[in-house]
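A.B. asks: Have a look at this one.
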Amino acid sequence: MAVPNQFLWSLIGLLLTIGGTFVEAYITSVPTSWYERGIQTISLGVTCQIGAVLLVGCLGGKNAAVLSQIAYLVLGLAWLPIFAQGGGLSYWRELNFGYILGFIPGAWVCGLLAFRQTNMKLESLASSCLSGLLIIHLCGLVYLPIVQIFHLAGTPAQPILQAILQYSFYPLPGQLAVVCAVAVIAYGWRLVMFY
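Numbering that gives the first Met the number 0 applies: residue 0 is where the sequence shown begins, and numbers increase by one.
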């Protein structure tokens, strides 16, 4: 991909990640119930942030995805309140910071796998998104015990199992739904853009 395109996708990825941090993900009720109850939305309990990280990997490639997430990390640590609980240099002490760090390798893996195959399929985009999500969770799971063991957390300590449940296990079903949506959206956009 040409350098101007990578820069453009990096900027788009940065803006999507910032915006996705504050937008909650929803699904609609089952279409068979729309006639009786109307269209109802159901919260997935997660934001669109991880979806934005993976979408830029699927559409912009590994370099654009990594640049957008490095920019997101730098801006958040430079006291701009773009992380879920604010921003600033001390944010590295938050328990969920490892997941934010995981955006960089997760976006890279997703972008690498999304553009590896010459014959683009929906399944390959979904597997690249799942791989990126797995990397994000692995980074977060490695970071959690480090913060807990060395008592670095800015918040009161909680049992490690409780932190794993809160940051990895409970959000996972919603994030998997977001991954499915990202794969479908990326597939459609790549058809439109003749990738």
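Beta carbons are placed, not taken as given, at the ideal position from N, Cα and C, and that holds for glycine.
On the premise that L53 lies in contact with C109, defined as a C-beta separation below 8 Å, what is that separation, rounded to the nearest angstrom?
C.D. replies: C109 to L53, Cβ: 5 Å. Contact.
A.B. asks: With DSSP run on the structure shown, which of helix, strand or coil describes A239?
C.D. replies: Residue 239 lies beyond the stretch modelled for the chain, which goes from 0 to 194, so this question has no answer here.
A.B. asks: Spatial neighbours of I135 within its chain, please: CB distance less than 7 Å, with the 5 preceding and 5 following residues excluded, ordered by chain position.
C.D. replies: Excluding sequence neighbours, I135 sits near I49, Y98, G101, F102 and G105.
A.B. asks: First and last residue of the beta strand (DSSP E) that includes S126?
C.D. replies: From DSSP, S126 is part of no beta strand (DSSP E) but of the alpha helix (DSSP H) over L121 to I148.
A.B. asks: Report the option in A24, P30, L66 and T20 whose CA atom is closest to the CA atom of L7.
C.D. replies: L66
A.B. asks: If you count every other CB in all the chains shown that lies within 10 Å of the CB of S127, and 16 or more means buried, which is it?
C.D. replies: buried
A.B. asks: Would you mind reading off the limits of the beta strand (DSSP E) that contains E23?
C.D. replies: E23 to T27
A.B. asks: Expressed to the nearest angstrom, what Euclidean distance is found between the alpha-carbon atoms of L13 and Y71?
C.D. replies: Distance between the alpha carbons of L13 and Y71 is about 6 Å.
A.B. asks: Hey, how far is the Cα of P172 from the Cα of V45?
C.D. replies: 9 Å
A.B. asks: Quick one: give me the first and last residue of the alpha helix (DSSP H) that T16 is part of.
C.D. replies: V2 to T20
A.B. asks: Can you give me the start and stop residues for the alpha helix (DSSP H) that G44 sits inside?
C.D. replies: G44 -> not in any alpha helix (DSSP H); beta strand (DSSP E) instead, spanning T40 to T46.
A.B. asks: Suppose the cutoff is 7 Å on Cβ atoms and the five residues either side in sequence are ignored; what does the same chain contact list for E116 look like?
C.D. replies: Note on identity: in this sequence residue 116 is Gln, with Glu being the wrong assignment. Only S123 meet the Cβ criterion.
A.B. asks: Measure the Cβ-Cβ separation of C179 and A113 and say whether it is below 8 Å.
C.D. replies: no
A.B. asks: Is the segment 19-36 in contact with the segment 88-97, if contact means three or more CB pairs nearer than 8 Å?
C.D. replies: no
A.B. asks: If distances are taken between C-alpha atoms only, which option among S130, N118, K120 and G75 comes closest to L111?
C.D. replies: S130
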